[in-house]
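Q: Per my numbering, the very first residue in the sequence shown carries number 77; after that it's consecutive. Where a beta carbon is used, it is the ideal one built from N, C-alpha and C, also for glycine. So that we are looking at the same thing, I have put the structure below in structure tokens.
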Amino acid sequence: MSSIKKVLIIKVIAAIFCIAVGVVSFFLIADKLGNVDFHADTISALDKSRSKVMELAAAAVASSSAITLLPGDVGTPIAQELADMSKYFLIVLCAIYLEKFLLTVTGFVAFKYVIPVACVLFIVFIASNEKIFAKIATKLFLFSLVISFTIPVSVNIARMIESNYAASIETTLNNAKENTDTVTKSAEEENKNSNAIEKIVNNITGNVNELLKKFENTLSAFIEAIAVLIVTSCLIPIGVLLFFLWLVKLVFSIDVNNFSFIRRE
């Protein structure tokens with residue numbers, strides 16, 4: 077068999093392979109990745125994170141309101157700090173919803189459209205031997221993989237980190253609720269007395285400074301919880317995306333001219 081026939085057979089086989097990949101990607105994988113049930117575990121993890129964020133936000137607002145029951149303005153700075161935390165919780169919440177939206181959309185678009193287009197470009201390259209088509213097709217293919225797996229990978233990493241801080245976050249919630257409930261219940265019991273505020277403070281802690289110390293600790297715990305949530309919901313997805321892009325760049329830094337298949341005949 078002559079070398080020309082061998083090259084022709086290789087090209088035909090490669091073209092058939094590209095067609096098969098494109099068909100499987102378009103008709104099977106795309107619909108699978110676009111199905112919510114396929115991402116059930118990841119969506120469940122995101123829903124748990126969302127619920128935890130909403131609990132923390134509600135606890136922070138409740139703590140801020142409870143501090144205002146203290147006499148004078150001694151607790152105003154702490155109350156203001158707790159109230160301002162709502163914007164950070166909102167950022168984390170938006171990031172979680174964005175991840176849920178992109179989870180099914182990116183995989184579906186990548187395998188329904190981008191990868192089939194990449195396969196067509198590979199076939200054009202095989203027929204024309206123009207390396208520009210191979211480069212574009214490879215970039216599209218790798219880009220599809222990057223956007224498809226960034227969120228699932230980042231969510232799995234986030235779950236590992238959150239598991240280490242789960243007890244701390246739960247303690248923060250319990251302490252915040254306990255302090256808030258103590259203040260509000262005392263306020264309800266003494267709301268008919270003219271000297272209610274003093275009785276609230278005396279019943280809870282014995283002095284204002286001790287009560288402020290409790291809420292200061294709560295504030296510090298909330299700050300730590302926000303830091304963990306921002307890292308897991310915002311920074312880790314960005315970091316995973318940058319890591320994948322770095323891998324793609326590393327792949328394209330390889331000298332492909334050493335491979336005989338893509339040399340111009």
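Suppose contacts are defined by Cβ-Cβ distances below 8 Å. Is residue 295 in contact with residue 157 by that definition?
A: Yes, the pair counts as a contact, with Cβ atoms nearer than the cut-off.
Q: So residue 122 and residue 224 are supposed to be a Cβ contact under 8 Å. How far apart are they, rounded?
A: Actually they do not touch by this definition, with Cβ atoms about 16 Å apart.
Q: Going by beta carbon distance, what residues of the same chain come within less than 7 Å of residue 126, once the five residues before and after it are set aside?
A: Same-chain partners within the cutoff: 169 and 172.
Q: Short of 6 Å in beta carbon distance, which residues of its chain neighbour residue 229, apart from the five on each side in sequence? Order them along the chain.
A: Here the set comprises 316.
Q: The alpha helix (DSSP H) that contains residue 130, what's its start and end?
A: Run containing residue 130: 116-143, per the alpha helix (DSSP H) assignment.
Q: Using 8 Å as the threshold, is the C-beta distance between residue 222 and residue 321 below it?
A: Cβ distance < 8 Å, so residue 222 and residue 321 count as in contact.
Q: Among 328, 314 and 306, whose alpha-carbon lies nearest the alpha-carbon of residue 161?
A: Answer by Cα proximity: 306.
Q: Report yes or no: do the segment 175-187 and the segment 100-119 share at least 3 C-beta pairs separated by less than 8 Å?
A: Touching, per the Cβ criterion.
Q: Mapping DSSP to helix, strand and coil, what is residue 309?
A: Helix, per DSSP.
Q: Measure from the alpha carbon of residue 329 to the alpha carbon of each residue in 198, 214, 244 and 299, then state which is nearest.
A: When each option's Cα is compared against that of residue 329, the closest is 214.
Q: Would DSSP call residue 244 helix, strand or coil?
A: Residue 244 falls in the helix class under three-state DSSP.
Q: Which stretch, first to last residue, makes up the alpha helix (DSSP H) that contains residue 86?
A: Run containing residue 86: 79-100, per the alpha helix (DSSP H) assignment.
Q: Quick check on the DSSP output: the alpha helix (DSSP H) that includes residue 188 runs from which residue to which?
A: Segment: none, residue 188 is in no alpha helix (DSSP H) and carries neither H nor E.
Q: Check whether the Cβ atoms of residue 115 and residue 178 sit closer than 8 Å, and answer yes or no.
A: No, Cβ-Cβ distance for residue 115 and residue 178 is not below 8 Å.
Q: Just verifying my parser: in three-state terms, what is the DSSP assignment at residue 149?
A: Residue 149 falls in the coil class under three-state DSSP.
Q: Tell me the DSSP secondary structure of residue 111 in three-state form.
A: Of the three classes helix, strand and coil, the one that applies to residue 111 here is coil, per DSSP.
Q: From the DSSP output, in three-state form, read off residue 293 for me.
A: The answer is helix: DSSP assigns residue 293 an H, G or I state.
Q: Quick check on the burial criterion: 16 or more other C-beta atoms within 10 angstroms. Buried or exposed for residue 204?
A: Label assigned to residue 204: exposed.
Q: How would you call residue 243, buried or exposed, if buried means at least 16 neighbouring beta carbons within 10 angstroms?
A: Classification of residue 243: exposed, given that the 10 Å Cβ count is below 16.
Q: CA-CA distance, residue 120 and residue 235?
A: One C-alpha to the other measures close to 11 Å.
Q: Pairing CB atoms from the segment 90-101 with CB atoms from the segment 184-203, are three or more of them under 8 Å?
A: They touch, by the three-pair rule.
Q: Leaving aside the five residues before and after residue 292 along the sequence, list all residues of the same chain whose C-beta is less than 7 Å from its C-beta, in chain order.
A: Here the set comprises 154.
Q: State buried or exposed for residue 143, treating a residue as buried only when at least 16 other CB atoms are found within 10 Å of its CB.
A: Under this definition residue 143 is a buried residue.
Q: Compare the Cα-Cα distances from residue 163 to each of 140, 325, 133 and 152 and report the closest residue.
A: The option with the nearest alpha carbon to residue 163 is 133.
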